[in-house]
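Worksheet for the structure shown next.
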Amino acid sequence: MPNPDWKIYPLLLGEADVPQVLDAFWSLSREKSLVSVPITAWLLVPQHGGEPILVDTGFRDAERCVQLQGLGPHRSKPEWTLKAQLSKYGYSLEDIPTVIFTHLHYDHAGGCGLLPRAKIIIQRTELQAAAVPMVSRELDFGGGALFYDRKDIAELIDPLWSRVHLIDGDEEIAPGVRCVLFSNTHTPGSQAVYVRTSAGNAVILGDIARKVELNVNKGIPPGLFYDLEAAYRAMKKIKRDADFVLPSHDYEELRKYSEGLPFGEKQA
């Protein structure tokens, strides 16, 4: 049996200015200022042969994000495109056979149509929630659709539908890579990606947690969730399961793992 250890590389796909209140359960933070956060995807490369896996694809268009979502400025650069970031590690868009979406918000699924041959792995409950968001259209935060972009969802349903693989709960995607459902946390169908590395177990969170120290280590849920009890349980489980915690919007963690994981000792 081949060694199931993986190497994990962060892909910086953009930057966004978002309300700081998204970082922590609202009753514990009244801070309304904007903070700059990275838009991060993750490239999984098997250490002993085999094909890579991509986790998330960033946003569709910086200007569209501002217009649609009612957030602060979003920034992109030529070197931050998915194509450019993959090329740093010797891969093209055509080389990616599998993409896992942690959830379908605009800043995670915006590049869904860029990978011409990839199987697209999504939790069934997440696609259902994205297609019919549980929110009033009068909401002026999140574009009236709770941060889902209708273009992304329409593209997944058609023309990409033949490559969409819906899963129901926890599922192994490849030896050493497993999707774990955290229902009604950041979104109804948010999933983390558990990855085995030679240095320990890494958990790619999407937005189930935003800041490792605040959310995971201190057990304070982030500011956007569907069920508070589910969010608390998620923080505890992630802290228990993970040697390395990899969120999507934490510059401190992005800098820590900028050269890839594993690189040395487990985090405390």
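All residue numbers for the sequence shown refer to the UniProt record's numbering, where the first residue is 1 and numbers rise by one.
By construction, the Cβ of each residue, glycine as well, lies at the ideal position given by its N, Cα and C atoms.
Only a predicted model underlies this, so the values are computations on that prediction, with no experimental measurement involved.
Give the secondary structure of residue i by DSSP, where H, G and I count as helix, E and B as strand, and everything else as coil.
i, result
"I220", "coil"
"A230", "helix"
"C65", "helix"
"L28", "Per-residue confidence for L28 stands at a pLDDT of 47, beneath the threshold of 50, marking its modelled position as unreliable; no derived number is given."
"A192", "strand"
"K7", "strand"
"N215", "helix"
"D243", "coil"
"S36", "strand"
"Y251", "helix"
"D152", "helix"
Given a cut-off of 8 Å on the beta-carbon distance, is the pair residue i and residue j in contact?
i, j, result
"P188", "E126", "yes"
"C56", "Y106", "The question names Cys, yet the displayed sequence has Asp at residue 56. Their beta carbons are not under 8 Å apart, which means D56 does not touch Y106 by this criterion."
"L82", "L44", "no"
"T98", "I173", "yes"
"G110", "G58", "yes"
"I208", "A192", "yes"
"C112", "E79", "no"
Using only alpha-carbon positions, find the residue among the options that is nearest to residue i.
i, options, result
"I157", "Q85, K218, H74, L104", "L104"
"K236", "G70, V212, K256, L13", "V212"
"T196", "A209, D207, N184, V177", "A quick correction: the sequence has Arg, not Thr, at residue 196. It is V177 whose Cα lies nearest to the Cα of R196."
"S183", "R124, P159, A145", "R124"
"Y251", "G14, L82, D5", "G14"
"L68", "H186, W6, D149, V132", "D149"
"T185", "I167, I238, E155", "I238"
Please report the Cβ distance between residue i and residue j, rounded to the nearest whole angstrom; I am assuming they are in contact, meaning their Cβ atoms lie under 8 Å.
i, j, result
"D241", "N215", "Contact flag wrong, Cβ pair sits at about 14 Å."
"I122", "V164", "6 Å"
"I120", "I53", "With a Cβ gap of about 12 Å, I120 and I53 do not count as contacting."
"P262", "E253", "That pair is no contact at about 15 Å."
"D170", "L160", "About 24 Å separates the two Cβ atoms, so there is no contact after all."
In chain order, which beta strand (DSSP E) runs of at least 3 residues are fully inside the region 56-135?
-> 98-100, 119-123
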